[in-house]
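These protein sequences, in sequence, are chains A, B, C and D. Taking the working numbering, I'd label the letters of the first sequence as residues 6 to 198. Taking the working numbering, I'd label the letters of the second sequence as residues -14 to 656. Taking the working numbering, I'd label the letters of the third sequence as residues 5 to 362. Taking the working numbering, I'd label the letters of the fourth sequence as residues 73 to 256. Every residue, glycine too, gets a C-beta built ideally from N, C-alpha and C.
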Amino acid sequence: MTDYLLLLVGTVLVNNFVLVKFLGLCPFMGVSSRTETAIGMSFATTFVMTIASLLSYIVNTYILVPLGLEYLTTMMFILVIAVVVQFTEMVVHKTSANLYRLLGIFLPLITTNCAVLGVALLNIYEQHNFLESIVYGFGAAVGFSLVLIMFSAMREKLANADIPKPFKGSAIAMITAGLMSLAFMGFTGLVKL
Amino acid sequence: MGSVIERIKRGHFWTFHGGIHPPEQKFLTTDKPIRAVSIPEQLILPLQQHIGISADLQVNVGDKVLKGQALTKSTHPMAVPIHAPTSGTITAIKNAVIAHPSGLSELCLFITPDGEDRWRERKICTDLAKLTDNDLIDKISSAGISGMGGAGFPTQVKVSTHEKIKFLIINAAECEPYITADDLLIREHSPSILDGINILDSILSPEHILIGIEDNKPEAIKVLQQTTANNEKIQVCVLPTKYPTGGEKQLIQILTGQEVPAGVLPSSLGIVMQNIATCFAIADAVINDIPLIKRVVTVSGQALQKPQNVWSLLGTPVGYLLEQCGYPNKDKKHIIMGGPMMGYSLPTDQVPVVKTTNCILAPSEIEISSPYSTGTREVECIRCGQCSDVCPAQLLPQELQWSAKAKDHQQLNKLNLFDCIECGACAYVCPSQIPLVNYYRIAKSEIRQQTQLDIKAEHAKVRFEARKERLTRDKIAREEKQRAAAAARKARMNSGTTEAKSEMSAVAQALARVKAKKAQTKVQAPINQETPTANVAQKSQVAAAIARAKAKKLAAQQNIAVEKTILVDQNTDTSKPAVDKKAKIAAAVAKAKARKFADKAHVKNVNVDDKPIDDKVEQVSNTEKTLVDKKAKIAAAVAKAKARKLAEQQAKLAATPSNEITNEKPKSEST
Amino acid sequence: MAFWIASSPHNHIKSETSAIMRLVIYATIPGIFAQWYFFGWGNIIHISLAIITALVAEFTILSLRERNIKAQLFDGSGILTAVLIGISIPAIAPWWISVIGAAFAIIIVKQLYGGLGHNPFNPAMAGYVMLLISFPLQMTSWQPPLELMALPLSFVDTLSVIIGGFTIDGYSVEQLRTHIDGYTMATPLDTVKTNLTMGLTIAESMENPVIGENFGLGWEWINAGFLLGGLFLLAKKAISWATPLSFLSSLFVCSLIAFLFSQDSNASTMFHWFNGACMLGAFFILTDPVSGATSIKGRIVFGALAGFLVFIIRKYGGYPDAVAFAVLICNMAAPLIDQYTRPRTYGHNVSSNKAGNE
Amino acid sequence: MTTLMAIIVLGSMALLFGAILGFASVKFHVEGDPLAEQVDALLPQTQCGQCGYPGCKPYAEAVANGEAINKCAPGGEDTIKKIADLMGVEPPPLDENHDTDNSPTVAFIIEEDCIGCTKCIQACPVDAILGTTKQMHTIIADECTGCDLCVEPCPVDCIVMIPIAKTPQNWQWDLNNIPVVQLD
């Protein structure tokens, strides 16, 4: 139990996917201009990441490995992720048209969110078991969500700031993300696995 | 509810969030009695002096009015009449700068007093018990009483509430610095005030009457306590001094511990609040039949030699009062109507005292250095949060400020901008010296305008859709009709009756005629320009019209009297309507042409075009010419009348293009 | 004849932002004095260096942006940032540490966001963290308190070390850090952390000379100095009481629970309070209104989160002290905290007859 | 053999997933295009046609289908910004073919000159003009959207667009522009 908890905390804070591993930066920059959107994106990504890591584990362990087709992992995982994302998109479209509109292009783009594929591949790389894979996927998603939501709240404030012209928009967002990354360095060594 | 009263009797009150303690500066005027000032040379009475709509004008320029005579009247509950403050003559009814922060002009009555100060007939009421509640409300309504604390809400609306009233709260807090008008009024006229409270009591029959007064007015408190000692129902509540205790919502919270829910009137909580000066006015109106024509105004500030409270007639220009109180003639004037926290600076000293004017402030530069007039001292917000600490509405002023600057209306609404009472506490404490209240006001007016636009857009959309639907409906109906007609025709043709045959032949004939005509026109085309009789007739008609228009213009210039045209009118009785219309069309066409030409400055072309027409006009018989002349005159008269109307309308719509039109007339003449 | 048009309110309390900043700067004096007393001239030299750098950097940016230089340069905020950086870096760090730190803080963390009032991060702490991560060696070269030093350290020596890396007599920073007994010194927090990993108990660590009699030789007095300054600020109402109170109580509660749980592996609450940058953080950094939370409720959450993070990182993290990291992370969270801790506006969600019927 | 295996595995997985998605698309089918409606709600509804579309609704539909969002002249920068927010794109500047001045105006018929041709009535998109053949026309100011579509068809140029007057009711606290009256 403690192991799983540590793994979770470790993935959320210490090895944060966005600020430490620098994965999933595209939606991190793209959907962070409003908190509302960011929260929606977080839920969608959390769902996709958890399900994708679960499915990819199953596909890998029960189909690819027995058949000796490990070289197909990347291709297969992309397939899995694409399906999960597409499915999520349909559900979101049906249940919350507003969120669907807010997320816009970034919803289908979860497919290409490298964090999702990253989770699936890292699960294999780190030889996680079934439960660990799910926890890892979930943890990564929570970490992503945490910084995304904080970042969006900051950006809402920055939108009204008197930023020098050349730094307006993405530039200052990048700098902010950099400073956030600095702050997250503080968690280094927090969990020794 | 008992507990509230028990608490109050123990001297325990609730408190509201925040609040500030600005320097009170009441000592300037508090030790001097209310002075009566003489009648000024001219009184300026804005038609609207309260929140709501203005009533209908009852007098004209030149009318003599008596003191207390109603000048406007209306049956609308939100319209409050105004009365002549003294006897005199109405010298003008025109736009003048009103007592409003914008310094914009609105319709005002100008009265030149005759100095006699003659009253209209008055009915002094000796026995209040004889009057029913409705009589009382009628009297309040016809006396033109609106809230005298600052907002100016019509009093009769407040007192004719149907809710069950638990508390009648009399607001004597007077929390703004400098102002002592209510203080002095209480000290000098407390019996009348008590009468007013009793009148309100009989109308509203509340369970309790609470008088809220700040503890910085010891003499007034003593007087009030003595006057109300015999009345068990009335509680004089002495409140700790804190700005803005006198705010309606704040005072309710202090006295009853209840918050007025957003967007709801206090009466829904069973609470009605009246200003103490309003009580005095009510007593005066009901008992002495004196409408609201004067009020106590605190004229204060260290720039004055003799700051004092004065009895001022409504309509007295501010400059006159300041003069009376010894205002030095300076180059730079800073005059504030209202207190230093919520008042507004005036762009001219000709602004009149109105029903809501409780103070006129002329501060010296040391007192109030007006940092916001230049705006240089404003620095960025450091989010210190002092503003939210003092905000009586528990808003987040600094976040509101951010959103107001970014014009994020959605966020502003989310932050409850419209709950801001504009008390100014936030801007008062702001270390960055940001004029916060001004940002909110701008944002509020923008949001209001946006809402208006949205409503309008929605309305326009509905109308557009309706129109589109109507057009398609018409189209379908037309098509349907055509189809039906065609079908009917077809049916008849097929039926083979003689009637049908004749119709068919008629159709055939018509077709043949059309063909023939076409052929004819083809043949005639080259010679068409010569003299096809029909065409000539038409042309000459047009030409005549144009000529008429010209004649009309000439007539207008020569300023021919209207009587003459009337004479002509009788002569040409039968032909009048047709002529009238023709001339009108002609005039319009001519004018339009002239304008177009003038614009393009193609003088030569005009000559070429006009000459043949003019020539042809010559051919028109003499008799007709005179007739034409007359017709033109009529047209001119009509045009003149219309121009007047137009001018009136445009005056309403402000910016007028009429200059443009009148300027172009001579131009067209020159062509 | 002219009339002045102005917006209400017409009178003003006549307070100024720069006055508040000046007050905060004055309040750091007791702490700086304690630092000087125990660690020599180093920090004062660094503070001056940082102030000069900050002013130059701010002047450059303001003139590039064509802003009101006079008003913004001397509003005190840049100087305060520089003072805080100067206080927090090791006394014998090389000169370019404070220069880089101050320049980074002013240019990147403050002015790129639009200057005072717009920066989401505390500039001083962001500068400090940047230095700590980029120059770990220099930033952890803490010298022992003067009385434990094997070598004397005069003002000229300090200046020479800061500028050239060696004292007049040719001793290096490493040699300066060496204890009389011959081993290298670290801060009390560092010492305890290292000892714990070596299997020593807290009680055994407390025997270490750097700890002194109570919680850390010199450090306890420095923290007391900042506490004094902080109380002065509270009395002057220049800072809000909510943040320091909730930060200190949060840290207190966290460390108390851990201490009660295992006295051998957890330092006492007072050790946490009076070591590192605790008091400086509580009264001078977390209270920075610009990068903090706004409402009282928000400030309490903000401070509590910071206290929790400081404890967690001190206890489990890779860095000995954590105030700077905790501050930055809280800065990140502040806008979110603000969004969820808005006070109830008058007349909204009124519980009906709340007071009337009690 | 392994290649075949790989193809079979990939193929069957693809088929399976395809089936799932197909099922989902039926189950979670959504009707209509709410985007056009939302854009339409942001447009000022002047129905002026300056965008090149006959009315606001058609333009909204066009925007939803990818038309440039900067063609609404009466809405100006504000509307562009709102649509940009809605669509999640950077707000472009107003189309250069349009005037940037979008201060609200209202049409006014100089009745003296009106010849009652009804051409303006036909042009008005919101039926804000009253009148009939050979009778002078007038504009219901409250209904007028200020689209100026009636100005062009008028044969006698009797329609003018006049700016809406500033009154204490719609004043926007523009303290710096208060005319200071000089009397002496």
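Judged by pairs of C-beta atoms under 8 Å, the segment 105 to 121 of chain D touches the segment 428 to 445 of chain B, as three or more such pairs exist. The DSSP assignment places complete alpha helix (DSSP H) segments of no fewer than 4 residues inside the segment 145 to 226 of chain D at 148 to 159, 191 to 195, in order along the chain.
By the neighbour-count definition (other C-beta atoms within 10 Å, threshold 16), Ser480 (chain B) is an exposed residue. In this structure, DSSP gives Ser11 (chain C) a state outside helix and strand, which the three-state scheme calls coil. Counting only residues of its own chain and dropping the five nearest sequence neighbours on each side, Gln386 (chain B) has a CB closer than 7 Å to the CB of Cys366, Ile419, Leu421, Tyr424. Residues of the segment 409 to 430 of chain B that bring their beta carbon within less than 7 Å of a beta carbon in chain D comprise Asn423, Arg426, Ile427, Ser430, in sequence order. Counting C-beta pairs with one atom in each stretch, the segment 121 to 134 of chain C and the segment 159 to 172 of chain A have three or more that are closer than 8 Å, which means they touch.
Ile184 (chain B) is positioned such that its CB atom lies no closer than 8 Å to that of Cys344 (chain B). Assignment of Trp100 (chain C) by DSSP, reduced to helix, strand and coil, places it in the helix class. A Cβ of chain C is located within less than 8 Å of the beta carbon of Leu331 (chain B). Here DSSP, grouped into helix, strand and coil, assigns Gly197 (chain B) to strand. Under a 10 Å Cβ-count criterion, Asp325 (chain C) is classified as buried, with 16 or more other Cβ atoms of the shown protein chains found around its own Cβ.
In the DSSP assignment, Pro139 (chain B) is bridged to B:Ser131. Contact between Thr210 (chain D) and Ile182 (chain D) fails: their C-beta atoms lie close to 10 Å from each other, not under 8 Å. DSSP places Gln259 (chain B) inside the beta strand (DSSP E), whose first and last residues are 256 to 260.
Counting only the Cα atoms, Glu148 (chain B) lies some 11 Å from Leu250 (chain B).
Here Ile154 (chain B) is actually not in contact with Thr140 (chain B); their C-beta atoms are around 14 Å apart, not less than 8 Å. Residue A:Leu151 holds the alpha-carbon nearest to the alpha-carbon of Ile44 (chain A) among A:Val121, A:Leu114, A:Gly191, A:Leu151.
A contact between stretches requires three or more CB pairs, one per stretch, nearer than 8 Å, and the segment 11 to 22 of chain C fails this requirement with the segment 44 to 55 of chain C.
Asn260 (chain B) and Met133 (chain B) have their C-alpha atoms some 6 Å from each other.
Straight-line measurement puts the Cα of Phe(-2) (chain B) at about 23 Å from the Cα of Asp186 (chain B). Secondary structure at Glu224 (chain C): helix, using DSSP grouped into helix, strand and coil.
Across the segment 310 to 321 of chain B, CB contacts with chain C closer than 9 Å involve Asn314, Lys315, Asp316, Lys317, Lys318, His319, Ile320, Ile321, in sequence order along the chain. Against chain B, the beta carbon of Leu107 (chain D) has no neighbour under 7 Å; the closest one sits roughly 17 Å away.
According to the DSSP assignment, Cys366 (chain B) belongs to no beta strand (DSSP E), since it is labelled neither H nor E.
Per DSSP, the continuous beta strand (DSSP E) segment holding Val282 (chain B) begins and ends at 279 to 285. Boundaries of the beta strand (DSSP E) harbouring Ile75 (chain B): 73 to 82, taken from the DSSP string.
Between the segment 326 to 342 of chain C and the segment 298 to 318 of chain C there are three or more inter-stretch CB-CB distances shorter than 8 Å, so the stretches are counted as touching.
Under the three-state reduction of DSSP, Arg20 (chain B) is assigned to strand. The beta carbons of Val196 (chain C) and Ser145 (chain C) sit no closer together than 8 Å. At a C-beta separation below 7 Å, Thr190 (chain D) has no neighbours in chain B, since its nearest C-beta there lies roughly 13 Å away.
Identification of residues in the segment 165 to 194 of chain A having a C-beta nearer than 8 Å to some C-beta of chain B yields Asn165, Asp167, given in sequence order. Phe251 (chain C) places its beta carbon less than 8 Å from that of Ala310 (chain C). Against chain A, the beta carbon of Leu82 (chain D) has neighbours under 8 Å at Leu77, Met80, Met81, Leu84, listed in chain order. In terms of Cβ geometry, Pro31 (chain B) and Ala84 (chain B) form a close pair [threshold 8 Å].
Within 8 Å of the CB of Lys390 (chain B), the CB atoms of chain A belong to Asn165, in sequence order along the chain.
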